[in-house]
Ligand SMILES: [Zn+2]
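Structure representation (structure tokens):
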């Protein structure tokens, strides 16, 4: 197995990013002014979702036209171009200065992005990821990291330029290696200190450092966290993970040593599970152990290996 077969949450964005046109300020202003333009407001990183107020679906992203946003009293804020849906532009707007988010009440509600992802259809989750990651980057990049001057947004939100020096700043994506360590018919699952539930066991993961290949990061992280040496690393799939702007790079890593020594700081427990045991976990037959939710690539790395 080399590539995951399952479509992952936060992938499959249907919008045309219009990357060759968005640098044209006149084109951008025209698209923004068209009646068909829709804007998705984010309040303090939470997207607006349309849907039943009782918490019942179906839910969809709360794209509104500019006039409706204005009529509701939603404030102006940083706007970024998400892309084109047909010929109609789709933007996201940061409305974090809004004091009372309940004023959108008749239409829907602002919801935390992670639970929202579990409520939306696939293509909409991908748009949520794009908007959230981009707006969070803008919110943190108001000042130049070179000289401290103010920065302004250009190219529909895909670049910020400094007003005091020639520096240009581009949206950030932080690469994270996430890997299932395997040894023949067994795989290694671990419990991270940060997991709320004590039953959840998952793959290992860590940020790729400057000057490091994906394979090197995989081998280093696995050894640091559980003391196991790994050899061959195979790429499986990647998943945008907008918390705040990571890219999870999923891999399988073959163990060349078996003894586990957990680091005790990040990882509090780890052990080898047979393929049969993992299938039982997937079927809910293993009372003490559960996997992360299916929105996470970790779940699919484990499941596809177990079902091989
Ligand atoms: Zn500067």
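Residue numbers (our numbering): 770 to 1077.
C-beta: ideal position from N, C-alpha, C; glycine also.
Practice task
Assign residue 840 to one of three DSSP states: helix, strand, or coil.
Solution key: For residue 840, the three-state secondary structure derived from DSSP is helix.
Problem - N-terminal and C-terminal residue of the alpha helix (DSSP H) that residue 1046 is part of - result: Per DSSP, the continuous alpha helix (DSSP H) segment holding residue 1046 begins and ends at 1044 to 1051.
Practice task
Keeping to the same chain, check which residues put their C-beta closer than 7 Å to that of residue 780; ignore five residues upstream and five downstream.
Solution key: Within the same chain, 895, 1008 and 1009 come within 7 Å of residue 780 by CB-CB distance, once the 5 residues on both sides are set aside.
Exercise for the section: Give me the Cα-Cα distance between residue 1027 and residue 1072, rounded to the nearest whole angstrom. Expected result: Near 21 Å, if we compare the C-alpha coordinates of residue 1072 and residue 1027.
Problem - In DSSP terms, what residue 1003 is bridged to - result: 1021, per the DSSP bridge assignment.
Handout entry: Delimiting residues of the beta strand (DSSP E) encompassing residue 909
Key = Premise fails: residue 909 lies in the alpha helix (DSSP H), 891 to 909, not in any beta strand (DSSP E).
Handout entry: C-beta atoms of residue 1020 and residue 987 nearer than 8 Å
Key = The answer is yes: Cβ separation under 8 Å.
Handout entry: DSSP three-state assignment for residue 864, whether helix, strand or coil
Key = Per DSSP, reduced to three states, the secondary structure at residue 864 is coil, with no helix or strand assignment.
Problem - Delimiting residues of the alpha helix (DSSP H) encompassing residue 991 - result: It spans 983 to 995 - the alpha helix (DSSP H) in which residue 991 sits, taken as one unbroken run.
Problem - Segment contact, 8 Å Cβ cut-off, at least three pairs: the region 921 to 931 with the region 833 to 851 - result: Contact holds: three or more Cβ-Cβ distances are below 8 Å.
Handout entry: ligand 1 heavy atom lying under 7 Å from the CB of residue 913
Key = Relative to ligand 1, the nearest heavy atom lies less than 7 Å away from the CB of residue 913.
Exercise for the section: Check whether the Cβ of residue 918 sits closer than 7 Å to any heavy atom of ligand 1, and report yes or no. Expected result: The answer is yes for residue 918.
Exercise for the section: May I ask you to check if the CB of residue 858 is nearer than 7 Å to at least one heavy atom of ligand 1? Expected result: Incorrect: residue 858 has no Cβ contact closer than 7 Å to ligand 1.
Problem - Proximal residues to residue 914 (C-beta, below 8 Å), its chain only, five neighbours per side dropped - result: So the qualifying residues of the chain are 936 and 938.
Problem - Cα-Cα separation, residue 789 to residue 898 - result: Here the alpha carbons of residue 898 and residue 789 stand approximately 21 Å from one another.
Exercise for the section: Would you kindly work out how many angstroms separate the C-alpha atoms of residue 866 and residue 1052, rounded to a whole number? Expected result: For residue 866 and residue 1052, the distance between alpha carbons rounds to 45 Å.
Problem - At least 3 beta-carbon pairs within less than 8 Å: the region 899 to 913 vs the region 984 to 999 - result: Between the region 899 to 913 and the region 984 to 999 there are fewer than three C-beta pairs closer than 8 Å, too few to call the two in contact.
Exercise for the section: With DSSP as the reference, label residue 770 as helix, strand or coil. Expected result: Any reading at residue 770 must be qualified, since the residue scores a pLDDT of 47, below 50, and its modelled position is unreliable; the value itself is stated next. Assignment of residue 770 by DSSP, reduced to helix, strand and coil, places it in the coil class.
Exercise for the section: Provide the residue span of the beta strand (DSSP E) that contains residue 854, from first to last. Expected result: Looking at the DSSP string, the run of the beta strand (DSSP E) that includes residue 854 is 848 to 854.
Practice task
Kindly list the residues whose CB is nearer than 7 Å to the CB of residue 1047, restricted to its own chain and excluding five residues on each side of it in sequence; keep chain order.
Solution key: Shown here for residue 1047: same chain residues with a beta carbon closer than 7 Å to its own, the five before and five after excluded, namely 956, 1071 and 1075 in chain order.
Handout entry: Element boundaries [beta strand (DSSP E), containing residue 959]
Key = Residues 955 to 961.
Practice task
Would you mind sorting residue 772 into buried or exposed? The rule is 16 or more other CB atoms within 10 Å of its CB.
Solution key: Classification of residue 772: exposed, given that the 10 Å Cβ count is below 16.
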